[in-house]
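What follows is a short report on a single structure.
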Amino acid sequence: MHTTLDILREQTQSFAAILYFATQAKNEIFQTQRKVVSRHYITNWKVTKNSTIAAYVAATKTAVITQDVWVDYRFPLGIGHKDLELKAVLCSPILSPDQELLGVIEFTKKIDKGSYSTNEFDLILMVSAWFGNIIYQREERVLKANQISTITALIELSTKLTEMTDPDKVIYDVLNICVDKLKAKAVIYYKFLSNEEFLADVFVYNKPLPRKQRRKINLMKVKGSAALYVARTHEKLNIRDMGADKRFVETDELMPGITITSALCQEVLRKHEPIGILQANNKAYNGVFVHQEEKLFSIVCTFLAYLIELIEMKQMRRHNRLMNQLVRTTLKHHLTPCKHCQQPVIAVLQMKENILTRNVKSWDW
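Residue numbers (full-length UniProt numbering): 1 to 365.
The following block contains the structure:
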């Protein structure tokens, strides 16, 4: 990408071509260190309008061309460092096919080189779209590889289901896979209890201190809970800043002493009916859950519903087998006469005038 920008810089007679990447965790764009224009130049900028031209483009996701960046009221900080010789600026966002911000490219010209033409603007837009596809395809390859490894682990877990005597261990193993693949600090599964609205059986797997605890909880009493919000609205949540979202609180009684900064929360559906809620808390390294991880989280929810179906089928099969054994034992007990009942019948049949038929060989029926 830097090589392409160098070619474009020469083609457009620009003084500098700067590549920024976007980080969703901090809502910032940061300059890659191929070439820093000035040692006083700030390389990280918040994605907001009242800042530099690159930050403005990142916030609006629209390309901008200006003849004098220092007099344009939209960019009070200009290009981020004071250089009055650089006036003409062309800036374009790098977007994924889903219109997610991936980065920004910025070209600047000195006064003696004039301003950017329409053809140069179209050329930069085309290259920006190409960059977006490159980054998106790379992220998709990483996502597919992660999805394959996750699905493989879940399939292996389902094949071992017949060997597991404790059904709860299967759920905890799914939570463990979710923690590992999403790089979350903790994962909670709220299993709805039948005929009880918002009453759930809770499974918690906490990564920093791997403790497993299970207890019943009434979601109605947990104010500001993401799980309660999802149970009511049936929405999928990707909360990137729990503190800034007034709908939720940053604490959870299931994780005492830990502040929740980010979370993924989604219903677990079986036959289009919710049977529980899965929630992943706190992305590692103070990050946020990105769009690709939302897809992975949905896959885990689908497999969790599938495994719960297998668990219930296994339990039903065991229940039916025990009931059949009980019924057979009961029928055998009631249909087989005891010796006390057989004696009068045998005495009558053994009389001389009562001759047994040839087909009667035994009374053990």
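All residues carry an ideal CB built from backbone N, CA and C; glycine is no exception.
For Ile171, there is no enclosing beta strand (DSSP E); the residue is found in the alpha helix (DSSP H) stretching over Pro167 to Leu182. Of the candidates Ala305, Ile65 and Thr261, Thr261 places its Cα closest to the Cα of Tyr285.
Out of Thr259, Trp130, Ala59 and Ser298, the CA that lies nearest to the CA of Leu101 is found in Ala59. Here Pro76 is exposed. Its C-beta has fewer than 16 other C-beta atoms within 10 Å.
Classified as buried, Gln31 has 16 or more neighbouring CB atoms from the shown chains inside 10 Å of its CB. The continuous stretches of alpha helix (DSSP H) do not include Glu273, which lies in the beta strand (DSSP E) extending over residues Glu273 to Lys283. For Gly132, the enclosing alpha helix (DSSP H) has its first and last residue at Thr118 to Thr159. Within a 10 Å sphere around the beta-carbon of Ile7 sit fewer than 16 other beta-carbons, which makes this residue exposed. Leu86 sits away from Glu120, with the two beta carbons spaced by 8 angstroms or more. With a cutoff of 8 angstroms on beta-carbon distance, Ala226 and Cys265 are scored as near each other. Boundaries of the alpha helix (DSSP H) around Ile53: Ile53 to Thr60.
Apart from the 5 residues on each side of it in sequence, Leu310 sits with its Cβ closer than 7 angstroms to the Cβ of Ser158 and Leu161 in its chain, given in chain order. Our two residues, Tyr56 and Glu139, have alpha carbons roughly 25 angstroms apart in a direct line. Burial is judged here by how many other beta carbons sit within 10 angstroms of a residue's own beta carbon; Met242 has at least 16 and is buried. Taking C-beta separations shorter than 7 angstroms and ignoring five residues to either side along the sequence, the partners of Phe297 in its chain run Leu182, Leu264, Gln266 and Ala280, following chain order.
For Leu95, the CB contacts under 7 angstroms within the same chain, skipping 5 residues up- and downstream, are Lys61, Leu101, Leu102 and Gly132 in chain order. The straight-line gap separating the alpha-carbon atoms of Asp166 and Lys314 is approximately 11 angstroms. Straight-line spacing of the CA atoms in Leu125 and Thr152 works out to 40 angstroms. DSSP, reduced to helix, strand and coil, places Asp201 within a strand of the structure shown. Of His319, Val187 and Val300, the smallest CA-CA separation from Asn146 is found for Val300. Counting only residues of its own chain and dropping the five nearest sequence neighbours on each side, Met323 has no CB closer than 6 angstroms to any other CB. In this structure Ile105 is in contact with Ser92, their Cβ atoms being roughly 6 angstroms apart against a cut-off of 8 angstroms.
Residue range His291 to Leu335 is occupied by the alpha helix (DSSP H) that includes Leu335. In the displayed model, Ile105 falls within a strand according to three-state DSSP. Within 10 angstroms of the beta-carbon of Ile135 lie 16 or more other beta-carbons, which makes it buried. The beta-carbon separation of Phe15 and Lys109, rounded to 6 angstroms, stays under the 8 angstroms limit for a contact. Cβ contact annotation for Glu294 (same chain, cutoff 8 angstroms, sequence separation greater than five): Lys236, Asn238 and Leu264, in chain order. Around the C-beta of Lys221, fewer than 16 other C-beta atoms lie within 10 Å, and the residue is accordingly described as exposed. Here Ser149 is exposed: its Cβ has fewer than 16 other Cβ atoms, across all protein chains shown, within 10 Å. In this chain, Tyr73 is not harboured by any beta strand (DSSP E), its DSSP state being neither H nor E.
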